[in-house]
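Chemist: Here the sequence shown is numbered in the working numbering, starting from 32 and rising by one per residue.
C-beta atoms are modelled at their ideal positions from N, C-alpha and C, and glycine is treated no differently.
Just passing along the structure, written as structure tokens.
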Amino acid sequence: MAEIQEVGLPGLKDFKAGMSELADEQLLAQDLVQQGAIHAVSYLLANGCNEETATMMLKSLRDNSELLRVEADRRGKPSLFERDQTVFN
């Protein structure tokens, strides 16, 4: 199963080093993930980073992720993630 790794400043050197070894599909997937995160954080900064807004955003994302897992299962394709990749349970 896939797992999202934290790529903050301590892991940035390793992330950059592995970039040239990514397959095209992996590079595209990384770009999608990064742009999604950029959009989410910029939305919070523009609209107020408070618990209510963050909770609403997280619920929407988790609902959409569940729909994607159901569709992947319907197609007989494995889901990348068994569960949402939150830093809490």
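From the DSSP output, in three-state form, read off residue 62 for me.
Modeler: Taking the first residue of the sequence shown as position 1, residue 62 is located at position 31. Helix.
Chemist: Looking at residue 103 and residue 96, is the spacing between their C-beta atoms short of 8 Å?
Modeler: On the sequence shown, position 65 is the one that residue 96 refers to. On the sequence shown, position 72 is the one that residue 103 refers to. The Cβ atoms of residue 96 and residue 103 do not sit closer than 8 Å to each other.
Chemist: If you reduce the DSSP assignment to three classes, tell me which class residue 46 lands in.
Modeler: Translated into positions along the sequence shown, residue 46 becomes position 15. Correct three-state label for residue 46: helix.
Chemist: Is the beta carbon of residue 53 sitting closer than 8 Å to the one on residue 61?
Modeler: Against the sequence shown, residue 53 aligns to sequence position 22. Against the sequence shown, residue 61 aligns to sequence position 30. Yes, the Cβ-Cβ distance between residue 53 and residue 61 is below 8 Å.
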